[in-house]
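Q: Going letter by letter, the sequence shown gives residues 13 to 144 in the working numbering.
Provided herewith is a single structure, encoded as structure tokens, for subsequent inquiry.
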Amino acid sequence: MLEEIKEQDVFDQPRTTQITAEGLEEESARSLMRSIGGSYSIGPVTIRLAVDVDKPEVKAEIAVLGTKAGTITLSPKKLSNSAGLNLGLAKASVNLSVDFAKTLVRYEIKACVRNILGNWQCTGYKGILFNW
């Protein structure tokens with residue numbers, strides 16, 4: 013018996029996984045086990061991360077206070093990239109970089125909120141976001 017399951021991947025892209033009585037198709041099972049990631053919130057920023065270790069490639073969807081700021085794709089040809097958003101009361105810029113040899117993704121974030129006087133109060137965050 014062959015069954016198809018329609019689902020959304022980490023970036024809301026539809027995909028179809030075929031399941032037999034024995035389990036997942038071999039390619040689907042291998043792909044599932046080699047794709048890892050998660051969701052991380054740092055200050056007003058949320059980063060949804062997916063790492064495909066076979067390509068190798070890292071995709072990250074960036075949001076500021078729940079509003080999409082952009083998507084970053086990292087690969088051996090593009091080891092760092094940035095995204096940002098200014099919402100008027102809050103703004104943030106995110107830089108992600110990948111080191112495939114050390115199997116890690118680093119982040120650097122500058123996040124700001126506007127106080128009651130209209131002045132920006134900013135802080136920075138940086139470190140290792142993910143290690144596989």
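By construction, the Cβ of each residue, glycine as well, lies at the ideal position given by its N, Cα and C atoms.
At the level of alpha carbons, what is the spacing between K67 and K103?
A: Taking the straight line joining both Cα atoms gives about 33 Å.
Q: Tell me the DSSP secondary structure of N131 in three-state form.
A: Coil at N131, not helix or strand.
Q: With which residues is G50 paired in a DSSP beta bridge?
A: G50 is bridged to L61.
Q: Since A95 is in the beta strand (DSSP E), which residue starts that stretch and which ends it?
A: It spans 92 to 98 - the beta strand (DSSP E) in which A95 sits, taken as one unbroken run.
Q: Can you find at least 3 beta carbon pairs, one from the stretch 78 to 85 and one from the stretch 119 to 126, that sit closer than 8 Å?
A: Touching, no.
Q: Using three-state DSSP, classify D66 as helix, strand or coil.
A: Coil at D66, not helix or strand.
Q: If we count the other Cβ atoms within 10 Å of its Cβ and call it buried at 16 or more, is I59 buried or exposed?
A: Its Cβ being crowded by 16 or more others within 10 Å, I59 is buried.
Q: Compute the Euclidean distance between the alpha carbons of T135 and E120, then round it to the nearest angstrom.
A: Rounded to the nearest angstrom, the two C-alpha atoms are 11 Å apart.
Q: So A104 is in the beta strand (DSSP E); what residue range does that whole segment cover?
A: Element bounds for A104: 102 to 111.
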